Amino acid sequence: MAKIKKKVRTITVNADKCNGCRTCEIMCSAFHAVPPYSSNNPARSRIQVITNRLEDIWMPVFAGEYTESECMGRNKYIIDGKEYNECDSCRAACPSRDLFKEPDSGLPLKCDMCDGEEQPVCVKWCLVDALVYEEREVEVDEKDVKETMTEMEVGLESLVSKHGFQKVMDTVARLSKKG
Amino acid sequence: MRYAEAGYYLEVDLATGNIERVATDPKLMELHLGGLGTSVKVHWDRVPPETKAFDPENLLVFSTGLLNGTPVFSANRTVVSFISPQSGTLAYPMMGGFFAAELKYSGYDKIIFKNKSPDWVYLYVSNNKVELRDASHLQGRGAVETQELIRKELNDPKAQVAAIGLAGENRVFTASIEQSRSSASRLGGGAIMGDKKIKAVAVRGTGDVFLAHPEAFMREMQGVTDYIKYRWENPIKDVMTILSGIGSPQEMLHTDEKWHTENFAWGNARTRRRDFWTEEIDESWSKSQHGAVKRLISCYNCPTHCGALISHKDTPRYMAKCFGKLTYAMAAYVDDLDFSWKILQRATEYGVDSFSTPQILAFAVELYEAGILTDKDFKGCPSDKEGRFFWLLDRVARREGIGDILADGVYFAARKIGNGAEAFDHNTIKKHEQLPIKLGTLDPLYFLMYSTNEKISITQMEGQWPQSAFPTMEQRQEFVRDWPQIPDEKFKQIVLDWELRGEKSIPYFPTPDMCSEIVDWMEMMHNIDDAVGMCCGMSSFCLKPPYHIHNYPKIISAATGMDLDEAGLKQIANRSRNLHRAYNNRLGIRRVDEKPPEDHWKKRFPELEEELLSTYYTYKGWNNDGIPTREKLEELDLGYVADDLEKRGILKNGQN
Ligand code: SF4
Ligand code: SF4
Ligand code: SF4
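In order, the protein sequence lines correspond to chains A and B. Going by UniProt numbering, the first residue of the first sequence is number 1, and it counts up by one from there. Going by UniProt numbering, the first residue of the second sequence is number 1, and it counts up by one from there.
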């Protein structure tokens with residue numbers, strides 16, 4: 001099978017270095033405002049710092065794919081004497097929690113690695129290096145290369161799963177008539 | 001659209017339960033910025049001077065700063081203002097942590113509480129949903145415990161909760177308001193909350209804060225960031241470790257406490273232990289601190305992590321910051337730092353401030369040892385130093401027995417106890433406990449700051465000016481070489497001329513004129529910080545900080561869209577400062593009140609002190625009694641204040 005080279009952009013989280021300042025949330029939301037930096041609202045951030053202060057939990061989590069249904073798992077884990085809720089580390093926006101959803105529309109958010117920026121802004125502004133950016137070239141099977149979904153696609157997909165394809169189409173048609 | 005600010009106050013009438021969202025006049029920002037500035041204006045307009053601290057008319061205002069909720073690093077202060085039960089003046093303790101930003105995202109610049117609630121309540125603010133909720137189940141709970149319980153109740157780990165403990169409920173004058181890793185602690189804010197029967201305020205917001213000129217704003221942010229990194233890599237030379245960097249004093253990080261333990265006084269501001277810091281102490285204190293500090297944590301949007309999660313043996317966990325680590329141990333003459341972590345936990349749950357409270361406890365011990373308080377007053381008290389302090393702390397927080405008298409602070413307790421107790425009240429200014437520092441020769445700069453500032457407590461008034469002269473010319477030159485933060489080049493010459501001994505040393509140098517300008521500059525920076533909600537550790541309480549008079553106007557302009565230059569910003573700071581002054585004048589503050597304790601410095605210079613005060617008053621545009629003149633007030637668009645002061649006979653018509 002044909003192999004092709006692909007650039008992989010990742011962020012490594014070093015949660016032990018995190019001081020819980022939430023600057024990453026602030027800057028992510030500001031960067032994604034339109035126009036960029038014109039407003040700021042951590043609730044719109046694609047990175048959320050999960051916190052339980054007295055338990056010593058400050059854990060930055062990036063928004064991942066949207067899931068249509070809530071999962072069945074609600075386990076608790078004890079790691080290093082700290083109790084984590086399974087939900088805490090989940091990257092998905094799901095029906096049962098508000099995390100990684102636009103506060104106004106409820107549409108899911110997904111980390112886009114700040115596409116187009118030299119370096120993700122959350123990494124850039126985390127001055128204590130709890131977030132570290134990595135860019136690697138990897139060889140992958142051609143068939144595994146999927147286009148990453150655009151923001152609009154993520155939103156539409158979730159609308160479709162919520163309201164059904166027809167209803168979304170009807171709405172679009174109605175809106176386009178209004179011009 | 002409103003930029004940086006939300007444009008709404010939340011008005012809560014505790015007597016009727018009525019809650020209103022009130023739009024504010026955009027002009028207020030131009031006149032007073034926000035934060036402390038606009039809060040003082042609210043109090044001036046609405047709380048008449050006859051009001052006493054525990055009257056229902058006393059307003060309790062929780063305020064965000066102008067830049068809270070924007071990406072400006074370290075702008076996270078909540079200013080809490082009210083007439084203090086202790087000083088009788090307009091107090092404004094501040095807390096870092098996470099509260100102010102959350103309130104701004106909820107869409108409010110301030111929460112204004114008036115009147116008193118008949119039953120215990122907590123206020124829950126979440127965007128448009130605002131409600132007073134029953135708090136009867138929280139009564140008696142600790143301040144940290146309450147925050148956790150409310151977060152659980154709301155099922156929202158990101159809700160930010162400011163709460164009082166038992167001390168606040170019992171209206172102890174040193175009661176604090178605790179929130180996350182911070183507290184608004186001075187002058188009895190917790191007591192006012194308790195008096196109004198507000199157990200806590202919980203906020204959670206998911207709205208936007210807008211910026212007027214994003215590109216210009218981000219340019220300034222980049223500059224600030226570059227500077228923070230530069231300072232981290234290049235600590236200031238020839239000053240003590242805690243002053244060499246940025247951020248609030250890093251008491252949770254540094255373990256070397258030679259300077260504090262040997263220069264501050266132990267007990268009730270009594271004894272300096274000049275050779276306290278031995279190798280064994282160094283070792284045992286480092287071990288204790290490293291064992292107790294689980295993680296260093298920041299306030300909202302700040303990289304500097306000055307606070308810590310404390311997990312000491314079987315003591316329940318809590319968060320600590322700054323100086324409380326030393327104050328209880330030093331006040332109790334306990335040489336084991338483990339004691340600090342234990343008592344600080346209980347003090348935090350009770351919600352009492354860690355500057356005044358240990359002084360009050362030490363004062364009680366002193367009175368007992370002097371036979372003024374007796375075995376009857378101390379019935380049931382253990383005899384060891386540690387046990388005694390825990391016992392006294394319990395009595396104060398619960399207002400039980402002798403604790404009921406002590407709970408009003410050293411000044412009032414001394415007068416109530418009588419029998420010579422007044423002589424032991426030797427460390428208060430305007431009825432408020434000061435840092436336990438008793439030094440050699442009068443320091444003219446500190447004299448002015450202690451005496452005249454409305455914050456009353458010195459702990460956050462100083463900062464930008466070096467604490468003493470540098471011994472060598474090389475060190476002075478090095479210090480002034482790279483000092484863009486100063487408002488005027490002439491300050492460099494003062495540092496160069498300033499000697500440790502001889503003609504150009506304290507108390508006569510810097511001269512009263514120079515002192516006036518230096519103090520005015522520091523005060524101005526504090527005023528701006530308190531209006532924009534900046535942590536003074538990143539600005540006015542810091543040598544060579546990231547924020548200063550030259551970049552502030554640009555940052556504020558870019559954030560708000562206001563057309564502001566340095567002169568304009570100075571004018572606003574001056575306006576708010578003078579309004580605050582006039583307010584406290586209206587509440588009775590005069591020149592006679594502006595006095596550091598008698599034994600504050602071993603060598604005092606009464607004539608020089610009078611000259612310092614007079615020179616400073618003149619510089620500020622105040623009359624000989626410390627009251628702003630009509631001319632000064634009019635220059636600051638405060639003609640209405642002059643009218644009011646004249647009407648009340650505080651300013652005499654036509655004369656200064
Ligand atoms: S900016 Fe860095 S230190 Fe701050 S919360 Fe985010 S990951 Fe943690
Ligand atoms: S990489 Fe960019 S989009 Fe993703 S969380 Fe960080 S700032 Fe947000
Ligand atoms: S410098 Fe320290 S106290 Fe100030 S905001 Fe930052 S973490 Fe908080």
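Backbone N, C-alpha and C fix where the C-beta goes; we use that ideal spot for every residue, glycine too. Since this is a predicted model, take the numbers as computed values, not measurements.
Excluding five sequence neighbours on each side, which residues of the same chain lie with their C-beta closer than 6 Å to the C-beta of cysteine 111 of chain A? For the purposes of this step, residue 111 of chain A is taken as residue 111 along the first sequence, with counting starting at 1. In the same chain as cysteine 111 of chain A, and ignoring 5 residues on each side of it, the C-beta atoms closer than 6 Å to its own belong to Arg46, Phe62 and Ala63, in chain order.
Cβ-heavy atom distance between proline 120 of chain A and ligand 2 below 8 Å? Counting from one through the first sequence, the residue named residue 120 of chain A turns up at place 120. Checking the 8 Å criterion, the Cβ of proline 120 of chain A is within range of a heavy atom belonging to ligand 2.
Are threonine 615 of chain B and serine 516 of chain B touching if we call contact CB-CB under 9 Å? As a position in the second sequence, residue 615 of chain B is number 615, starting the count at 1. As a position in the second sequence, residue 516 of chain B is number 516, starting the count at 1. In contact: threonine 615 of chain B and serine 516 of chain B (Cβ atoms closer than 9 Å).
Histidine 32 of chain A Cβ short of 8 Å to ligand 2 heavy atom set: As a working mapping, residue 32 of chain A is identified with position 32 in the first sequence. The answer is yes for histidine 32 of chain A.
Closer than 9 Å to chain B by CB, cysteine 21 of chain A: Stepping through the first sequence from its first residue, residue 21 of chain A is reached at position 21. For cysteine 21 of chain A, the answer is yes, since a Cβ of chain B falls inside 9 Å of its Cβ.
Which residues in the same chain as threonine 560 of chain B place their Cβ atom closer than 8 Å to its Cβ, once the five residues preceding and following it in sequence are excluded? Position 560 of the second sequence, counted from the start, is the residue given in the question as residue 560 of chain B. Hits under 8 Å: Tyr3, Ala4, Glu5, Met29, Leu66 and Ala212.
Under the three-state reduction of DSSP, which class applies to leucine 393 of chain B: helix, strand or coil? To locate residue 393 of chain B, count along the second sequence from 1; it is residue 393. In the three-state DSSP reduction, leucine 393 of chain B falls in the helix class (H, G or I).
Going by DSSP in three states, lysine 7 of chain A sits in which element: helix, strand or coil? Taking the first sequence and counting its residues from 1, the one referred to as residue 7 of chain A is at position 7. Correct three-state label for lysine 7 of chain A: strand.
Which of the residues in the UniProt domain "4Fe-4S ferredoxin-type" (9-39) of chain A, read from start to end, lie with their CB under 7 Å from any CB of chain B? So the list reads Asn19, Gly20, Cys21, Arg22, Thr23, Ile26, Met27, Ala30, Pro35, Pro36, Tyr37, Ser38 and Ser39, given in the order they occur along the chain.
Contact set between threonine 51 of chain A and chain B, taken where Cβ atoms lie within less than 8 Å: Here residue 51 of chain A corresponds to residue number 51 of the first sequence, with the count starting at 1. What threonine 51 of chain A touches in chain B: Pro157 and Lys158.
Per the DSSP calculation, glutamine 179 of chain B is bridged to which residue(s)? Counting from one through the second sequence, the residue named residue 179 of chain B turns up at place 179. Answer is B/Ser182, bridged to glutamine 179 of chain B.
Hey, quick one: how far does the alpha helix (DSSP H) through isoleucine 360 of chain B stretch, first residue to last? Residue 360 of chain B sits at position 360 when you count from the first residue of the second sequence. Segment 356-369, the alpha helix (DSSP H) holding isoleucine 360 of chain B.
Using a Cβ-Cβ cut-off of 7 Å (strictly less than) and excluding sequence neighbours within five positions of glutamate 102 of chain B, which residues of its own chain qualify? Residue mapping note: residue 102 of chain B aligns to position 102 of the second sequence, counting from 1. Closer than 7 Å at Cβ, skipping near neighbours: Gln160, Val203, Arg204 and Gly205.
Isoleucine 297 of chain B touches chain A at which residues, Cβ-Cβ below 7 Å? Looking up residue 297 of chain B in the second sequence gives position 297. Chain-order list of chain A residues neighbouring isoleucine 297 of chain B: Asn19 and Gly20, by C-beta distance under 7 Å.
Near phenylalanine 398 of chain B, which residues of its chain fall below 7 Å by C-beta distance, leaving aside the five closest residues on each side in sequence? Taking the second sequence and counting its residues from 1, one reaches residue 398 of chain B at position 398. It should be pointed out that residue 398 of chain B corresponds to arginine in this sequence rather than to phenylalanine. Spatial neighbours of arginine 398 of chain B in its own chain (CB-CB distance under 7 Å, excluding positions within 5 residues in sequence) are listed in chain order as Leu166 and Asn170.
Status (buried if at least 16 other CB within 10 Å, exposed otherwise) for tryptophan 622 of chain B: By 1-based counting over the second sequence, the position of residue 622 of chain B is 622. Tryptophan 622 of chain B is buried by the Cβ-count criterion.
Beta-carbon neighbours of glycine 207 of chain B, restricted to chain A and to distances below 7 Å: The sequence position of residue 207 of chain B within the second sequence is 207, counting from 1. Per Cβ cutoff of 7 Å: Asn41.
Counting C-beta neighbours from all protein chains within 10 Å, is the total for tyrosine 37 of chain A 16 or more, i.e. buried, or is it exposed? What you label residue 37 of chain A is simply residue 37 of the first sequence in a count that begins at 1. Per the 10 Å Cβ criterion, buried.
Below 7 Å on C-beta distance, what does arginine 317 of chain B contact in chain A? Along the second sequence, one-based indexing puts residue 317 of chain B at 317. Residues of chain A passing the Cβ test: Leu54.
Per-residue burial, lysine 603 of chain B [other beta carbons within 10 Å of its own, 16 or more giving buried]: For the purposes of this step, residue 603 of chain B is taken as residue 603 along the second sequence, with counting starting at 1. Lysine 603 of chain B is exposed by the Cβ-count criterion.
Histidine 432 of chain B bridges to which residues according to DSSP? Locating residue 432 of chain B in the second sequence gives position 432, where the first residue counts as 1. Bridge partners of histidine 432 of chain B: B/Ile429.
To the nearest angstrom, how far is it from the Cα of proline 444 of chain B to the Cα of valine 49 of chain A? As a working note, residue 444 of chain B is residue 444 in the second sequence. As a working note, residue 49 of chain A is residue 49 in the first sequence. Each residue's alpha carbon lies about 47 Å from the other.
Secondary structure of alanine 421 of chain B, DSSP reduced to three states: Against the second sequence, residue 421 of chain B aligns to sequence position 421. Correct three-state label for alanine 421 of chain B: helix.
Length of the line joining the Cα atoms of valine 132 of chain A and methionine 221 of chain B: Residue numbering aside, residue 132 of chain A sits at position 132 when the first sequence is read from its first letter. Residue numbering aside, residue 221 of chain B sits at position 221 when the second sequence is read from its first letter. If you take the alpha carbons of valine 132 of chain A and methionine 221 of chain B, they lie about 21 Å apart.
Length of the line joining the Cα atoms of serine 244 of chain B and leucine 99 of chain A: Here residue 244 of chain B refers to the residue found at position 244 of the second sequence. Here residue 99 of chain A refers to the residue found at position 99 of the first sequence. In this model, serine 244 of chain B and leucine 99 of chain A are separated by some 40 Å (Cα to Cα).
Report the three-state DSSP secondary structure of tryptophan 341 of chain B (helix, strand or coil). Mapped onto the second sequence, residue 341 of chain B falls at position 341. The DSSP-derived three-state label of tryptophan 341 of chain B is helix.
Quick check on DSSP: helix, strand or coil for glutamine 493 of chain B? Translated into the one-based positions of the second sequence, residue 493 of chain B becomes position 493. Of the three classes helix, strand and coil, the one that applies to glutamine 493 of chain B here is helix, per DSSP.
Does the segment 65-83 of chain B come into contact with the segment 290-308 of chain B, if we say contact requires no fewer than three beta-carbon pairs (one atom in each stretch) closer than 8 Å? Counting C-beta pairs with one atom in each stretch, the segment 65-83 of chain B and the segment 290-308 of chain B have three or more that are closer than 8 Å, which means they touch.
Interface flag, proline 103 of chain A vs chain B, CB-CB below 9 Å: Position 103 of the first sequence, counting from 1, holds the residue named residue 103 of chain A. Proline 103 of chain A has a beta carbon lying within less than 9 Å of a beta carbon in chain B.
For methionine 524 of chain B and glutamate 148 of chain B, what's the separation of their Cα atoms in angstroms? As a first step, residue 524 of chain B must be located in the second sequence, where it is residue number 524. As a first step, residue 148 of chain B must be located in the second sequence, where it is residue number 148. Going by the C-alpha atoms only, they are around 37 Å apart.
Cross-chain neighbours of leucine 127 of chain A in chain B, by beta carbon under 8 Å: Mapped onto the first sequence, residue 127 of chain A falls at position 127. Under the 8 Å cutoff, chain B gives Thr225, Ile228, Lys229 and Pro303.
For tyrosine 411 of chain B versus histidine 600 of chain B, is the C-beta spacing smaller than 9 Å? Walking along the second sequence from the start, residue 411 of chain B turns up at place 411. Walking along the second sequence from the start, residue 600 of chain B turns up at place 600. No, these two residues do not count as a Cβ contact at 9 Å.
Taking the C-alpha atoms as reference points, what is the distance between serine 176 of chain B and glutamate 135 of chain A? Locating residue 176 of chain B in the second sequence gives position 176, where the first residue counts as 1. Locating residue 135 of chain A in the first sequence gives position 135, where the first residue counts as 1. Rounded to whole angstroms, serine 176 of chain B to glutamate 135 of chain A spans 48 Å at the Cα level.
Residues near valine 168 of chain A in its chain [Cβ-Cβ closer than 6 Å; skip 5 each side]: For this step, residue 168 of chain A is matched to residue 168 along the first sequence. Cβ neighbours of valine 168 of chain A beyond the five flanking positions: Leu159 and Val160.
DSSP bridge partner residues for proline 444 of chain B (one or two, in chain order): By 1-based counting over the second sequence, the position of residue 444 of chain B is 444. Listed as beta-bridge partners of proline 444 of chain B by DSSP are no residues whatsoever.
Pull the bridge partners of arginine 204 of chain B from the DSSP assignment, please. Start at 1 with the first residue of the second sequence, and residue 204 of chain B comes out as number 204. Per DSSP, the beta-bridge partners of arginine 204 of chain B are B/Ser126.
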